[in-house]
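Participant:
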Amino acid sequence: MGLTLSQKVWNAHIVSASEGNTPDLLYVDLHLVHEVTSPQAFDGLRAAGRKVRRPELTVATEDHNVPTLDINKPIADPISRAQVEALRTNCDEFGITRYSLGNKEQGIVHVVGPQLGLTQPGMTIVCGDSHTSTHGAFGALAFGIGTSEVEHVLATQTLPLKMFKTMAITVNNKLPEGVTAKDLILTIIAKIGTGGGQGYVLEYRGEAVRSLSMEGRMTMCNMSIEAGARAGMIAPDETTFAYIKDKDLAPKGTDWDKAVAYWKTLPTDPDAVFDNEVIIDASTLSPFVTWGTNPGQGLPLTGSVPNPKDITDPGERVAAERALEYMALTPGTKLKDIEIDTVFLGSCTNGRIEDLRAAAAIIEGKQIAKTLKMIVVPGSARVRLQAESEGLDKVFLGAGAEWRSAGCSMCLGMNPDKLSKGERAASTSNRNFEGRQGPGGRTHLVSPQVAAATALVGHLAAPSDL
Amino acid sequence: MEAFIRHTGIGAPLRRGNVDTDQIIPAEYLKRITRHGYEDALFKAWRDDDAFLLNHPIYKNATVLVAGPEFGTGSSREHAVWALMDYGFKAVISPRFADIFRGNSGKGGLLTAQVTDEVTEQLWQYLEAKPGAEITVDLESEQITFGSNSVQFDIDPYVRWRLLEGLDDVGITMQQLDKISEFEQKRPSWSPKTTV
Ligand code: SF4
Chain A
1 MGLTLSQKVW
11 NAHIVSASEG
21 NTPDLLYVDL
31 HLVHEVTSPQ
41 AFDGLRAAGR
51 KVRRPELTVA
61 TEDHNVPTLD
71 INKPIADPIS
81 RAQVEALRTN
91 CDEFGITRYS
101 LGNKEQGIVH
111 VVGPQLGLTQ
121 PGMTIVCGDS
131 HTSTHGAFGA
141 LAFGIGTSEV
151 EHVLATQTLP
161 LKMFKTMAIT
171 VNNKLPEGVT
181 AKDLILTIIA
191 KIGTGGGQGY
201 VLEYRGEAVR
211 SLSMEGRMTM
221 CNMSIEAGAR
231 AGMIAPDETT
241 FAYIKDKDLA
251 PKGTDWDKAV
261 AYWKTLPTDP
271 DAVFDNEVII
281 DASTLSPFVT
291 WGTNPGQGLP
301 LTGSVPNPKD
311 ITDPGERVAA
321 ERALEYMALT
331 PGTKLKDIEI
341 DTVFLGSCTN
351 GRIEDLRAAA
361 AIIEGKQIAK
371 TLKMIVVPGS
381 ARVRLQAESE
391 GLDKVFLGAG
401 AEWRSAGCSM
411 CLGMNPDKLS
421 KGERAASTSN
431 RNFEGRQGPG
441 GRTHLVSPQV
451 AAATALVGHL
461 AAPSDL
Chain B
1001 MEAFIRHTGI
1011 GAPLRRGNVD
1021 TDQIIPAEYL
1031 KRITRHGYED
1041 ALFKAWRDDD
1051 AFLLNHPIYK
1061 NATVLVAGPE
1071 FGTGSSREHA
1081 VWALMDYGFK
1091 AVISPRFADI
1101 FRGNSGKGGL
1111 LTAQVTDEVT
1121 EQLWQYLEAK
1131 PGAEITVDLE
1141 SEQITFGSNS
1151 VQFDIDPYVR
1161 WRLLEGLDDV
1171 GITMQQLDKI
1181 SEFEQKRPSW
1191 SPKTTV
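Following this line, the structure appears as structure tokens:
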């Protein structure tokens, strides 16, 4: 029997195989580090007198807890500043490359890896961040880990793990015009639920997935965790190779040829069997938004706020009631009638150059609604520089939006960019949990295109509504 | 890590599903760089509400949390485990746990006992009928005892073994350094490095 993509990558990294109940010990090719989930891990190393085994397979950036304004001044919040400084000292002490605020490689950890060419097919990639699944877009097995595991990888460059089960998500046919990777992944999560992927690595396949750009593929894999899956993967193909080629840390010369030859062996064998399969018809999809407080609570933008009474599953009914109360929404309200206070364009889900271009194309020459504010936060310093060289910053600023420096920003309520109590956002990020973007804040997850259209009219809208 | 054999303590019936890690501990508290001292942050937003379960004096010393499905979804923050443990919880019972949360719990010494939806409902009803009642979670026999009832729970056998022995993973892996070095010899020369 053939093997799936994830099984091939897994098998190629087994340092010592499972015996009975023990897990496999898996080698880690790349360990991404950021300021929030690492300080306690470095403390653990120090306490045990251990070193970082392979600093050259480790890289750090500052993203979660940094401001996106005045980045050349010291960080105002002393607790945040201490955390960022701890990362700097730890990296310097243990010999780890770090990209600090002001460096042109600084940015959200999941934007930085791919743009440097560090993220490549067939690798194992981990980071103390659940959206590490993003890197699966390249055919890497990439997943988030906790701080104890961060310490484990720093010390040993390995992780003890049990093989994930495999689930194929096959998306047949083409996405209709104006429907994006974000709409697709939100639709998938609504279909399989926030626990549907638990224990699985998802492999996205089919015509619609093959025709996505690398950016679109990253958006999809990024949100695999919101369906409960540790990882999402897409088989590498010519689109993947073209994206990686000539990136700073990509293989060069004959190494490139060897690498590509290997990468071509990775796609799932025709006779491989998945533990589970979900089939989606892309041609039926349309722009999709969330109305509730978990990423599975979403609907096509043409729909209305659901009535919990119509939900048969008792657990989901209660969850919907709670969500509507928190979101201050009434059943039956048209989603397009929901008025928005803040539009957030950014994050590791949709803060790449293609996302900014898509939104700018809709906004160009127009003004955002007077009733709302829009903040645009590039996913990395490089994305910001690229956008500025294309004049996108002028488009956003000219429309009345704010143009920021790179970071996680309003994706999570940790740095100065937060929603206030009761404020309602259309956000291109990935989580609409209660308080995620700030205590009491309300989040509707949307694509960059919907975010841009919404910014122009003041309520949830698709570009086709303009 | 302290070994976990069996524990008896006050059960807190948290009738909610999809308790994500942003609810368990909001990002604001992740700025700290310590491994302890997160008890004040646990369920922060909910604790501001007087009616919230843990604000009831009976549950001040609760040590076993019984929650709905998809407990611990979302962010990988291990602070969620630290906050639960700092508050005093020794075990969480739920029909389904998010993978990363369950992994993190095993590392920190917090027991995650998986039961069916029906058993969760039974436990909730039992604890709601007798607020402040104790339940016993026995890792050796993989059983939860409440009143005169005993039910089985599920836990990964390897995690169970590590918890029973109180073993820490890094120490276990350090015994395999030879194999790691051997593996490293075989890695392709073009594998990326973070420094040029
Ligand atoms: S942008 Fe959001 S989801 Fe992505 S790494 Fe930052 S906080 Fe996490």
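Going line by line, the protein sequences match chains A and B.
Its first residue numbered 1, the first sequence is counted upward by one per residue in the numbering used here.
Its first residue numbered 1001, the second sequence is counted upward by one per residue in the numbering used here.
Note that the Cβ used here is the ideal one computed from N, Cα and C, for glycine as well.
Output yes or no for whether 9 Å exceeds the beta carbon distance between V209/A and H31/A.
Facilitator: Not in contact: V209/A and H31/A (Cβ atoms no closer than 9 Å).
Participant: Is V109/A near ligand 1, in the sense that its beta carbon is under 8 Å from a heavy atom of that ligand?
Facilitator: Correct: V109/A has its Cβ closer than 8 Å to ligand 1.
Participant: Tell me, please, whether the CB atom of P39/A is closer than 9 Å to any CB atom in chain B?
Facilitator: Taking Cβ atoms only, chain B reaches closer than 9 Å to P39/A, which makes this a yes.
Participant: Does the beta-carbon of L412/A, which I'm using as the reference point, lie nearer than 8 Å to any heavy atom of ligand 1?
Facilitator: At least one heavy atom of ligand 1 is nearer than 8 Å to the Cβ of L412/A, so yes.
Participant: Just how far apart, CA to CA, sit T22/A and S16/A?
Facilitator: Going by the C-alpha atoms only, they are around 10 Å apart.
Participant: Please name the residue in D417/A, G435/A, R424/A and A401/A whose C-alpha comes closest to that of L456/A.
Facilitator: Minimum Cα distance to L456/A is reached at A401/A.
Participant: Nearest CA to the CA of K1044/B: which residue from S447/A, G440/A, S464/A and V450/A?
Facilitator: When only C-alpha atoms are compared, the closest one is G440/A.
Participant: Measuring only from the beta carbon, is H64/A closer than 8 Å to any heavy atom that is part of ligand 1?
Facilitator: For ligand 1, at least one heavy atom lies less than 8 Å from the Cβ of H64/A.
Participant: Using only the heavy atoms of ligand 1, determine whether one of them is closer than 8 Å to the beta carbon of T290/A.
Facilitator: Result no, Cβ not under 8 Å from ligand 1.
Participant: Would you identify the three-state DSSP class for H31/A, choosing helix, strand or coil?
Facilitator: Of the three classes helix, strand and coil, the one that applies to H31/A here is strand, per DSSP.
Participant: Cβ closer than 9 Å: which chain B residues qualify as neighbours of K258/A?
Facilitator: Simply P1188, S1189 and W1190.
Participant: As an exercise, report each continuous alpha helix (DSSP H) stretch of at least 4 residues that is fully enclosed by the region 146 to 228 of chain A, in chain order.
Facilitator: 147 to 156, 181 to 192, 207 to 210 and 214 to 222, all fully within the region 146 to 228 of chain A.
Participant: Can a CB atom of chain A be found closer than 9 Å to the CB of E1078/B?
Facilitator: Chain A, which has a Cβ nearer than 9 Å to the Cβ of E1078/B, makes this yes.
Participant: Name the residues in the region 144 to 157 of chain A whose C-beta lies less than 8 Å from a C-beta of chain B; which are they?
Facilitator: Cβ contacts with chain B: G144, I145, G146, T147, S148, E149, E151, H152, A155, T156 and Q157.
Participant: Is the beta carbon of E149/A sitting closer than 9 Å to the one on N1149/B?
Facilitator: It is not a contact, given that the beta carbons lie outside the stated cut-off.
Participant: Given this structure, state the Cα-to-Cα distance separating T286/A from G422/A, to the nearest angstrom.
Facilitator: Reading off the sequence, residue 286/A comes out as Ser, not Thr. Between S286/A and G422/A, the C-alpha separation is close to 28 Å.
Participant: Extract the residue ranges of the alpha helix (DSSP H) inside the region 1140 to 1189 of chain B, only unbroken runs of 4 or more that lie entirely within it.
Facilitator: You should have 1157 to 1165, 1169 to 1174 and 1177 to 1186.
Participant: Whose Cβ in chain B lies nearer than 9 Å to the Cβ of F241/A?
Facilitator: Ordered by position in chain B, no residue passes the 9 Å Cβ test against F241/A, which lies about 14 Å from the chain.
Participant: Are there any heavy atoms of ligand 1 lying less than 8 Å away from the beta-carbon of N430/A, as far as the coordinates show?
Facilitator: It does: the Cβ of N430/A is within 8 Å (strictly closer) of some heavy atom of ligand 1.
Participant: Along chain A, in chain order, which residues have C-beta atoms closer than 9 Å to that of V1115/B?
Facilitator: Result: empty, since nearest Cβ-Cβ is about 15 Å, beyond 9 Å.
Participant: Excluding the 5 residues flanking G44/A on each side, which residues of the same chain have their C-beta closer than 6 Å to its C-beta?
Facilitator: Counting only Cβ-Cβ distances below 6 Å, and skipping sequence neighbours, we find E151.
Participant: Give the interface partners of M1174/B over in chain A, defined as CB-CB distance under 9 Å, in chain order.
Facilitator: By Cβ distance, chain A contributes R50, A155 and T156.
Participant: Compare the C-beta of W1161/B with all C-beta atoms of chain A and state if any pair is closer than 9 Å.
Facilitator: Yes, because at least one Cβ of chain A sits closer than 9 Å to the Cβ of W1161/B.
Participant: So for K373/A, helix, strand or coil by DSSP?
Facilitator: Strand at K373/A.
Participant: Please go through the same chain and pick out, in chain order, the residues whose beta-carbon is closer than 8 Å to the beta-carbon of M167/A, but skip the five residues on each side of it.
Facilitator: The residues are G197, Y200, V201, L202, E203, A229, F274, D275, N276, E277 and V278.
Participant: Below 9 Å on C-beta distance, what does G228/A contact in chain B?
Facilitator: The answer, in chain order, is E1070, T1073, R1096, A1098 and D1099.
Participant: What residues from chain A crowd round D1086/B, counting only those whose CB sits closer than 8 Å?
Facilitator: None at all; the shortest Cβ gap to chain A is about 13 Å.
Participant: DSSP state of P1013/B, grouped into three classes?
Facilitator: It is a strand residue.
Participant: Determine, using beta carbons only, whether Y1038/B comes closer than 9 Å to chain A.
Facilitator: So, not an interface residue.
Participant: In the region 1135 to 1153 of chain B, which residues sit with their C-beta less than 7 Å from some C-beta in chain C, listed in chain order?
Facilitator: Given the protein chain composition of this structure (A and B), no chain C is represented.
Participant: Assess, as a yes-or-no matter, whether the region 303 to 310 of chain A is touched by the region 403 to 421 of chain A under the definition of 3 or more beta carbon pairs within less than 8 Å.
Facilitator: No, they do not touch.
Participant: Any chance you could list the alpha helix (DSSP H) runs of at least 4 consecutive residues sitting entirely within the region 331 to 378 of chain A, in chain order?
Facilitator: As far as the region 331 to 378 of chain A is concerned, its whole alpha helix (DSSP H) runs of at least 4 residues are 347 to 350 and 353 to 363.
Participant: Please determine whether the Cβ atom of H135/A lies at a distance below 8 Å from any heavy atom of ligand 1.
Facilitator: For ligand 1, not one heavy atom lies less than 8 Å from the Cβ of H135/A.
Participant: Hey, T156/A and M1174/B are a contact pair by Cβ (cut 8 Å); roughly how many whole angstroms apart?
Facilitator: Confirmed, Cβ separation roughly 7 Å.
Participant: Quick one: grab the DSSP three-state call for Q120/A.
Facilitator: Three-state DSSP puts Q120/A in coil, outside helix and strand.
Participant: Using a Cβ-Cβ distance cut-off of 9 Å, determine whether F1183/B contacts chain A.
Facilitator: Cβ-Cβ to chain A under 9 Å: yes for F1183/B.
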